[in-house]
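The numbering of the sequence shown is the UniProt record's numbering, which starts it at 1 and goes up by one.
Here is the structure we will look at.
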Amino acid sequence: MSISSVNKSLIKDACYINGHWCQASSGQTISVYNPATGEELGQVPDMGQGEALAAIDAAQSALVSWREVTPKERARVLRRWFELILQHQEDLAHLMTLEQGKPLFETRGEVLYGASYIEWYAEEGKRAYGKLFAAPSNDKRALSIQQPIGVVAAITPWNFPNAMITRKVAPALAAGCTVVLKPSEETPYSALALMELAEQAGIPAGVINMITSSQAAEIGKVLTDDSRVRKLSFTGSTRVGKLLYSQSANTIKKLSLELGGNAPFIVFDDADLDAAVAGAVISKFRNAGQTCVCANRILVQDGIHDAFVARFKEAVEQLVVGNGLDATTTLGPVINQAAIDKIAGMVDQAQSEGATLVTGGQRHEAGKLFFAPTILTGVTQQMEIARQEIFGPVAPVIRFKDDAEAIAIANDTPYGLAAYFFTENHRRIWKVAEALEYGMIGINEGILSNEIAPFGGVKESGLGREGSSQGLEDYMETKYLCMGGI
Ligand code: ADP
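Okay, here's the thing in structure tokens:
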């Protein structure tokens, strides 16, 4: 199957600014490749700073009318977008597997997961309540109203080419904001297909504008320098997040940052072994290990260590590595050459630091960007592999003695996005959940993200939450009204 078998109306090779499909004024394009085969899928415009400014202009003029549209009417439009995405689930999933690599069962899931944010915020937008406060004196009344922040810039990564967009754009639009979106240059087609469906759904011109560019730093500068952009929502690396944070200081933008993680996955002696193994496989190897909430360190207690490793090895060796379009594939390629070289280097270094290879350990013959699912044991918290986000199908196992040691190891990182632990003891569930310095905790669960829950991290993993009612509040300002002379 190639890109030509995807519904033609969803394959766009132009950007979307002010309701128009347009090319870069420079005539430059970016090539997009299939990571499973190396084949060029096509080219999209390589937009520059001028086009980024035009997108902000469009978002600023559209804001005037969009924020006046009633939440109920905005909900209707969002609902139509949601339904169109569901109708095109299969095409969107194929397109995503072609440009991103993850297996079809995962891209089908992501399309549903991404759409769920649009459905949720179509509903939640109607529930943006103000407050009436107890008055400080009899001649005054005090209340607050919620208003859209204004123009929002959204910068998104390649690992969830659909859902990272809907998770930002849906609450922004529901709140009455307008958006300038810059998706990852690695996966622009999924983003452009979403714009096509947004247009079909009747989202007015200028309300969402999207530019693709290879000059991320230059575009980022325009978006952060412009005082009309009142909020920046970014998902990506901690390195770029810090840069955008400092660039936003000058105009005091609101920020939502979903950055890197170093998730501990803790298996206690009393865990249900089957559930822990299944949880570790899905949490570690989903999307070939390329999610910010993927288990990065598997901490296993002494008493269950050997049994866990044996069963984990069995399960990992059943993963089917291959092209994501093959129905049997459960593990696809990683995104690009830099990613696979980094993963291979980390595995080699871990072994030279004393880790033991249990399975995998090298590139896989399925293609240039495939890495064999790997388990390393004897890993310690001092090793490089335990300190960095791996973003690949490699599971380092660290042995620990007791709860205090597990918690100390788990928290010994500047990151604080997701953590997981498996235990059957209710007292331990409370104590450990409260002690872990993370924004999200999976308890006897390897997958935790959904639209109803607040997704986000603490420490250097970011700011703000996406999903839940909090995700809507993050796109609204509170305005206090003090009424006197009553
Ligand atoms: P990843 O490692 O997931 O690719 P990045 O942080 O490099 O994470 O990329 C996430 C998004 O940030 C992408 O859309 C990318 O183009 C964009 N990006 C990268 N560098 C910058 C920058 N200096 N300013 C603004 N956006 C950037």
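From the three backbone atoms N, C-alpha and C, an ideal C-beta is built for every residue, glycine too.
Computed from a predicted model, the values in this text were never measured in an experiment.
Secondary structure at residue i, three-state DSSP: helix, strand or coil?
i: lysine 254; result: strand
i: threonine 178; result: strand
i: leucine 448; result: coil
i: asparagine 209; result: strand
i: leucine 472; result: helix
i: tryptophan 120; result: helix
i: histidine 364; result: coil
i: alanine 315; result: helix
i: isoleucine 145; result: strand
i: residue 491; result: Look at the range of the chain in this structure, 1 to 486, and you will see that residue 491 is not part of it.
i: glycine 236; result: coil
i: lysine 231; result: strand
i: tyrosine 113; result: helix
i: alanine 406; result: helix
i: leucine 357; result: strand
i: methionine 483; result: strand
i: leucine 325; result: coil
For residue i, which of the options has the nearest alpha-carbon?
i: glutamine 301; options: Gln60, Tyr33, Ile407; result: Ile407
i: glycine 360; options: Ala372, Ser352, Gly367, Ala366; result: Ala372
i: arginine 428; options: Tyr438, Ala404, Ser137; result: Ala404
i: alanine 175; options: Glu389, Ile282, Pro71; result: Pro71
i: alanine 453; options: Ala295, Tyr117, Asp46, Phe234; result: Tyr117
i: glutamate 51; options: Val64, Met195, Asn18; result: Asn18
i: valine 179; options: Gln49, Leu417, Glu123, Arg230; result: Arg230
i: leucine 92; options: Ile3, Gln49, Gly38, Gly42; result: Ile3
i: isoleucine 203; options: Ser65, Pro183, Thr107; result: Ser65
i: serine 237; options: Asn159, Glu124, Ala198; result: Asn159
i: threonine 156; options: Thr187, Gln147, Tyr129, Lys140; result: Thr187
i: phenylalanine 308; options: Gln147, Gln290, Val277; result: Val277
i: asparagine 444; options: Ala75, Phe285, Phe265; result: Phe265
i: alanine 366; options: Lys140, Ala36, Leu481; result: Ala36
i: leucine 78; options: Asp226, Ala122, Leu63; result: Ala122
State yes or no: is the C-beta of residue i within less than 7 Å of the C-beta of residue j?
i: glutamine 381; j: isoleucine 343; result: no
i: leucine 257; j: glycine 241; result: yes
i: proline 161; j: serine 190; result: yes
i: threonine 29; j: aspartate 57; result: no
i: isoleucine 375; j: valine 316; result: yes
i: alanine 288; j: leucine 331; result: yes
i: serine 233; j: alanine 154; result: yes
i: tyrosine 420; j: alanine 172; result: no
i: glycine 456; j: leucine 448; result: no
i: proline 148; j: arginine 67; result: yes
i: alanine 163; j: glycine 109; result: no
i: asparagine 262; j: glutamate 389; result: yes
Drop a sphere of 10 angstroms on the beta-carbon of residue i, count the other beta-carbons inside from all chains shown, and report buried for 16 or more, exposed for fewer.
i: threonine 328; result: exposed
i: glutamine 318; result: exposed
i: glutamine 337; result: exposed
i: glycine 462; result: buried
i: isoleucine 219; result: buried
i: tyrosine 438; result: buried
i: histidine 94; result: buried
i: threonine 478; result: exposed
i: histidine 88; result: buried
i: phenylalanine 133; result: exposed
i: asparagine 450; result: exposed
i: glutamine 290; result: buried
i: lysine 131; result: exposed
i: arginine 297; result: buried
i: tyrosine 16; result: buried
i: glutamate 124; result: buried
Sequence ranges, alpha helix (DSSP H) only - wholly within the segment 243-302, length at least 4 = 273-285
Completely contained alpha helix (DSSP H) runs for the segment 66-110, where each covers 4 or more residues = 71-87, 89-100
Length-filtered (3 minimum) beta strand (DSSP E) runs lying within the segment 29-65 = 29-33, 40-45
Within the segment 411-449, note down every full beta strand (DSSP E) run reaching 3 residues or more, in order along the chain.
-> 418-422, 440-443
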